[in-house]
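Here is the structure we will look at.
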Amino acid sequence: MAWGVQALNWLSAYQVNLIWTGVILVLYLMATRWIFPRLEKNIASTRLRTGSALKGLFAARVVAGVLAFALVLLAWGIDFSGLLVLSTSIITLTGVALFAQWSLISNITAYFILLTNVAYRRGNYLRIVDGDNYIEGYIADVGPFVTRLITSDRETVLYPNNLILTRPLVLNPKSHWSAMGKVTAASQPPAQPTGSPEA
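Just so we're aligned, residue 1 is where the sequence shown starts under the UniProt record's numbering, counting upward by one.
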């Protein structure tokens, strides 16, 4: 009988912690049961290789699990105040690493964006315009760092993911130019006359 009283005392003492833990676990279960299946469905519609999709889903599940674990620790009163300076430095460096154009890790961030965007599905034809230069080809695969394009000359081109997101693209253009080159008037088809011919 004494253990029952001790259990009730413990439950009343940690009631708020238990409620927050329950809320966090419910949110985590909702994410794994509702958000991840939608993400899987969206990735399946892009027709990417199974390996690429599995890597993306695994990384998303790991991030969600780590975040849920950290929130549970916070709900139970783990003191993170001593780690404040370290965590802000890490967040700053991570932000720069994930989104700076020159960073390799920004390719991984772009990878998740490409996985969830249906426009970048396998088999679509892209023309990437980079200043005066261009490159075009079919999307063969989207990897964690690069997207593999197959040109009309059957060459394989590996293009960084972050550059695909930051460059102007023509998706499934009406006419195909050469695989890569300079954007000039010669690379474009001649304009069709719009006026009626004179008699």
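Cβ coordinates follow ideal geometry from the N, Cα and C atoms, glycine included.
If you're wondering where the values come from, they're calculated on a predicted model, not measured in any experiment.
- Beta-carbon to beta-carbon, residue 62 and residue 21 are separated by about 20 Å, too far to satisfy the 8 Å threshold.
- In this structure, DSSP gives residue 126 an extended state, which the three-state scheme calls strand.
- For secondary structure counted as the alpha helix (DSSP H) over 4 or more consecutive residues, the region 3-55 holds these complete runs in sequence order: 15-30 and 36-45.
- Annotation for residue 169: the continuous beta strand (DSSP E) segment containing it runs 169-171.
- Taking residue 146 as the centre and dropping the five residues before and after it, the same chain places the C-beta of 107, 158, 159, 160 and 161 closer than 8 Å to its C-beta, in chain order.
- Contact between residue 134 and residue 183 holds: CB atoms are separated by about 5 Å, below the 8 Å threshold.
- By the criterion of a C-beta distance shorter than 8 Å, residue 30 is surrounded by no residue of its chain, once the five residues flanking it on both sides are discounted.
- Bridge partners of residue 138 according to DSSP: 125 and 150.
- Bridge pairing for residue 156: 150 [DSSP].
- If you draw a straight line from the Cα of residue 144 to the Cα of residue 43, it comes to about 14 Å.
- Taking residue 136 as reference, the option from 93, 119, 177 and 24 with the minimal CA-CA separation is 177.
- Residue 77 sits in coil when the DSSP states are folded into three classes, being neither helix nor strand.
- With respect to the 7 Å criterion, residue 124 and residue 139 are classified as neighbours on the basis of their beta carbons.
- Here DSSP, grouped into helix, strand and coil, assigns residue 143 to coil.
- The three-state secondary structure of residue 107, taken from DSSP, is helix.
- It is roughly 23 Å from the alpha-carbon of residue 180 to the alpha-carbon of residue 111.
- Look at residue 131 here: in three-state DSSP terms it is coil, with no helix or strand label.
- By DSSP's assignment, residue 181 forms a beta bridge with 134.
- In the three-state DSSP reduction, residue 117 falls in the coil class, being neither helix nor strand.
- For residue 148, the CB contacts under 7 Å within the same chain, skipping 5 residues up- and downstream, are 140, 141, 156 and 158 in chain order.
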